[in-house]
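Heads up: the structure comes next, in structure tokens.
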DNA sequence: CTGTTAGCGCATTCAG
DNA sequence: CTGAATGCGCTAACAG
């Protein structure tokens, strides 16, 4: 680190140039209090000439606001999160806030450190995809009394506003559809169920199986940490079962590449030999050959709701007193060509 | 906007609790100057008990730094940019900076407004995918003397550090490959060439065609604004030429979905009836059927170089005096199954 | 209508 | 080794 040398043109410079005082300049620039139209002109002119940009940092320090919202997400490599971040960014910009973005890598330690950093930057509010959402971490947030809304995943005790997708219902609907098509052995590939979104998707699957009167086969359920290889590994295992499934439900888009690769490797024909459906829709699902069925969720809607909820809390003290709410965003089942009736023949790849 | 009510525990609170002065607390917390080991213990204890987080905003105001880096990109919907943003985010976190992210939507007006906002937030540096990179916009940046590196695209006169991909060479290599396979009519679908990255890709294409001794056919070149529909429209046009191309070079991943959809719609067989290659690799290119050839570029490498360059400038005054540099990141040609020798037969879809 | 002044939370002289 | 005082750039009283 080294000495700073940049010098910013401040309110004082403008005041001098306009032949008035800082207070007046502040007033016209913020259009607050009284001032003569004539002074206004002079100030504006000086502002223009000096190419003055107010220091939001100093302004905020004074007003106890930072015009900044933190967004804490697992990463920016999954379309699931980037779509979210993009929508949120748009909305916040429109509302006059800047976005402070950090990724947690789903690492609770990093998450907590980043949270502290953000608090240090005096964020006005936080949009958060919590990693574990444990009491301790939520405590440090609540203790600062920073408005916060948890998205996609919930925190322990639902102690903050929360907006999630209908994970259980969406998952149930997807599996139900496969069941109606006649599938009786449906593989489930999901992510770490210590995250409640993943857990709910697994529950949705289980419930559908159970409601259909089928016996649950634990070997059909593959739960692991979502890495780029997990989809492949799990698919591989499913394919090598004594009685392989006739359909696979991928509980996250991040799993799909691996699934596709392994299916391709074994030349498993979709959907003839294996039906497929995924939670969360991706662009290439449409023109994949065959197109892939999916549970579609609206990232825009979750973003809108989250931002609305957060801004309410930030901009109104009464609102900020209300107890946390829990909302969920509905889904849509997009049935495409990857889900059809099960194969009659024996699996060719065994 | 409403009155703030949150109260932050400050240095003074810690000082009181530790029975010392703010100056001393500041010293031990920053490990600067002298202080007794014993005092240190007391201070640390108080810090812990009060769960104190220093206000980086106030600290920065004093030190004329903000511990904040701005990242200005077109959007977060294209894997091209999100991969970049993700890598940058990682690197900056590691270096102790927070990321202020905004998207320009490739709108120069929005871009300039956002730039001003960021300057208002006193960013220590800026990583920037400029929209047009016009003199005026660069001026407002330079006038503030904010270290900046332009990535992916260049600004007018290369007045700031710049890191780009080898757009021309990569494009040339891709087309060259198609030519060597025997293609003589190669369609080009690209984005707005007022961005120099797009322009260079077009130039690379043109040069390859010319070097091969082929006559350029302007109708084979489709240049438009990249929207989700542009790939479809352009492909549609190419398919309906009197003599359609036997191969298509998509100059951006954002174009591919449209291309794929249209090809599917007309049941054009890839690669038998149409070869395909794309600038920038995507995950689904691998397991698409057939897999798709691509010019692969390393988002990590461009991120690393950009961050390194920026941090140098920020953390060393001498470095910050050196003239702007222009670097380019090399590419790799990934030949997969979508590029083969041209069809012999007449196009079936006409 | 306008100018002066007092902090916001902190790091940093400068005296002890 | 430590504490009191100053100011970063700005807004919000408070007097004119």
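Protein chains in written order, with the numbering used here: chain V, 1 to 350; chain F, 351 to 700.
A virtual CB, placed ideally from N, CA and C, is assigned to each residue, including glycine.
- With fewer than 16 neighbouring CB atoms inside 10 Å of its own CB, residue 668 of chain F falls in the exposed class.
- Between residue 535 of chain F and residue 596 of chain F, the C-beta gap is smaller than 8 Å, which places the two residues in contact.
- Only exposed fits residue 384 of chain F, as fewer than 16 other CB atoms lie within 10 angstroms of its CB.
- As DSSP reads the structure, residue 234 of chain V sits in no beta bridge.
- When only Cα atoms are considered, residue 557 of chain F and residue 564 of chain F end up about 10 Å apart.
- The beta carbons of residue 125 of chain V and residue 146 of chain V sit closer together than 8 Å.
- For residue 684 of chain F, the uninterrupted beta strand (DSSP E) run begins and ends at 681-684, by DSSP.
- Around the beta carbon of residue 566 of chain F, a 10 Å sphere encloses fewer than 16 other beta carbons of the protein chains shown; the residue is thus reported as exposed.
- Residue 698 of chain F sits exposed, since fewer than 16 C-beta atoms from the chains shown fall within 10 Å of its C-beta.
- Proximity of the stretch 441-449 of chain F to the stretch 647-662 of chain F meets the contact definition, three or more beta-carbon pairs being nearer than 8 Å.
- Assignment of beta strand (DSSP E) within the stretch 542-583 of chain F, counting only whole runs of 3 or more residues, yields 571-573 in chain order.
- In the three-state scheme derived from DSSP, where H, G and I count as helix and E and B as strand, residue 677 of chain F is classed as strand.
- Close to residue 636 of chain F, with beta-carbon spacing below 8 Å, are these residues of chain V in chain order: 257 and 261.
- Shown here for residue 118 of chain V: same chain residues with a beta carbon closer than 8 Å to its own, the five before and five after excluded, namely 70, 72, 100, 102 and 126 in chain order.
- Distance check between residue 332 of chain V and each of V:63, V:283, V:323 and V:279 places V:279 closest, using alpha-carbon atoms only.
- Following the DSSP letters along the chain, one finds residue 279 of chain V inside the beta strand (DSSP E) bounded by residues 275-279.
- In the DSSP assignment, the residues bridged to residue 421 of chain F are F:451 and F:477.
- As computed with DSSP, residue 296 of chain V is found in a beta bridge with V:332.
- Here the alpha carbons of residue 525 of chain F and residue 685 of chain F stand approximately 12 Å from one another.
- Bounds of the beta strand (DSSP E) holding residue 499 of chain F are 498-501.
- Taking 8 Å as the threshold, the shortest C-beta distance from residue 586 of chain F to chain V does not fall below it.
- Of the residues assessed, residue 240 of chain V falls on the exposed side of the cut-off, its CB having fewer than 16 other CB atoms within 10 angstroms.
- About 6 Å separates the beta carbon of residue 503 of chain F from that of residue 483 of chain F, a gap short enough to meet the 8 Å contact definition.
- Under the Cβ distance rule, residue 86 of chain V counts among the residues neighbouring chain F, one pair being separated by less than 8 Å.
- Taking C-alpha positions only, residue 428 of chain F is separated from residue 599 of chain F by approximately 18 Å.
- Among the CB atoms of chain F, one or more fall inside 8 Å of the CB of residue 121 of chain V.
- From the listed residues F:412, F:531, F:399 and F:398, the smallest Cα separation to residue 622 of chain F is found for F:531.
- Put simply, the backbone Cα of residue 390 of chain F is about 6 Å away from that of residue 378 of chain F.
- If you check the CB distance, residue 36 of chain V and residue 25 of chain V do not come in under 8 Å.
- Under DSSP, residue 511 of chain F shares a beta bridge with F:499.
- Contact annotation: in the stretch 485-508 of chain F, residues whose CB is within less than 8 Å of a CB in chain V are 490, 493, 494, 495 and 496.
- Excluding five sequence positions before and after residue 219 of chain V, the CB atoms of its chain that fall closer than 7 Å to its own CB belong to 241, given in chain order.
- With a contact defined as Cβ atoms closer than 8 Å, residue 143 of chain V and residue 162 of chain V miss out at about 19 Å.
- Going by C-alpha positions, residue 642 of chain F is about 6 Å away from residue 627 of chain F.
- In the three-state reduction of the DSSP assignment, residue 190 of chain V falls in the strand class.
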